[in-house]
Amino acid sequence: MPPLPCPDDTCLLYLVRHGATENNLARPPVLQGRGVNLGLSPAGVRQAWRTAEFFRSRKLAAAYSSNLRRAIETAQIIAEPHGLEVTQLESITEVDVGHWEGRNWTEIAETYAKEYALFMEDPGVYGYVGGETMAQVEARVFPALRRIMADHLGQRVLVVAHTW
């Protein structure tokens, strides 16, 4: 598939989630948040290389990532064929999952049953216990993405971050 055109008054921003870590691959998955700063698993490295191959024919003008290893490693693999350095932005880092960090979803559902149910009902209002709500994440992340797009009109830009 040929790359999409990028008019001078537009920024084509490719938002990519980092490759898998061992915590992502665990069953059930273990929440990492900001404090668990794992690098990519072997599967995550393969995912990043496959993504780099997708971008090979799409000229990237800049590459950004969150400041966590899993995002940095993914961005570096994708950016390398384009000769780009990766700019790290703390503002697009992983959501603060508070007391749920390092726990799996089954344990969270059992230990924090009420809070888990509220979170699943509306994560924008009911956030991670001791962490952020999705509304807080949006307020933190969207201005950074808007700034990147404004700075790169007429260009294609890579941003590697998290699920949030």
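Be aware that the sequence shown starts at 0, since it is given in the numbering used here, and climbs by one per residue. A virtual CB, placed ideally from N, CA and C, is assigned to each residue, including glycine.
query: The beta strand (DSSP E) with Val15 in it runs from where to where?
result: Taking the sequence shown and counting its residues from 1, the one referred to as residue 15 is at position 16. Its beta strand (DSSP E) spans residues 11 to 16.
Handout entry: Per-residue DSSP class, three states only, for Leu157
Key = For this step, residue 157 is matched to residue 158 along the sequence shown. When DSSP states are grouped into helix, strand and coil, Leu157 belongs to the strand group.
Would you kindly work out how many angstroms separate the C-alpha atoms of Pro6 and Arg155, rounded to a whole number? Here residue 6 refers to the residue found at position 7 of the sequence shown. Here residue 155 refers to the residue found at position 156 of the sequence shown. In a straight line, the C-alpha of Pro6 is about 10 angstroms away from that of Arg155.
Next on the checklist: Can you confirm whether Gly130, when its beta carbon is compared against all beta carbons of chain D, has any partner nearer than 8 angstroms?
Outcome noted: Among the chains of the structure shown, chain D does not appear; only one protein chain is present.
Quiz prompt | C-beta contact flag for Ala78 and Leu11 at 8 angstroms | solution = The residue given as residue 78 occupies position 79 in the sequence shown. The residue given as residue 11 occupies position 12 in the sequence shown. No. Outside cutoff.
Starting from Ala138, follow the alpha helix (DSSP H) in both directions and report where the run begins and ends.
Position 139 of the sequence shown, counted from the first residue, corresponds to residue 138. 133 to 150 is the extent of the alpha helix (DSSP H) around Ala138.
| query | Thr92 by DSSP, collapsed to three states: which one? | reply | Here the question's residue 92 lines up with position 93 in the sequence shown. In the structure shown, Thr92 sits in coil (DSSP, three-state: anything other than H, G, I, E or B).
If you run the structure through DSSP and keep just helix, strand and coil, what is Val85?
As a position in the sequence shown, residue 85 is number 86, starting the count at 1. Strand at Val85.
Kindly indicate which residue of Pro1, Trp104, Gln31, Thr9 has the alpha-carbon position closest to the one of Arg146.
Here residue 146 refers to the residue found at position 147 when the sequence shown is read from its first residue. Nearest of Pro1, Trp104, Gln31, Thr9 to Arg146, Cα basis: Thr9.
message: Quick check on DSSP: helix, strand or coil for Asn103?
response: Within the sequence shown, residue 103 is the residue found at index 104, counting from 1. Three-state result, Asn103: strand.
- request: Could you check which residue in Pro41, Val29, Leu59, Pro27 has the C-alpha nearest to that of Pro4?
  value: Residue 4 sits at position 5 when you count from the first residue of the sequence shown. Of the listed residues, the one whose Cα sits closest to Pro4 is Leu59.
- Message: Within a Cβ cutoff of 6 angstroms, which residues of the same chain sit near Thr73, ignoring the five residues on either side of it in sequence?
- Response: Against the sequence shown, residue 73 aligns to sequence position 74. Within the same chain, Thr73 has close Cβ partners His17, Gly18, Ala47, Val159.
inquiry  = Distance check for His151 and Ala62, CA to CA, integer angstroms please.
reply    = Along the sequence shown, read from residue 1 onward, the residue named residue 62 stands at position 63. Along the sequence shown, read from residue 1 onward, the residue named residue 151 stands at position 152. If you draw a straight line from the Cα of Ala62 to the Cα of His151, it is about 11 angstroms long.
Check each candidate in Trp99, Ile107, Gly32, His81 and name the one with the smallest Cα separation from Ala70. To locate residue 70, count along the sequence shown from 1; it is residue 71. Checking every option, the nearest Cα to that of Ala70 belongs to Gly32.
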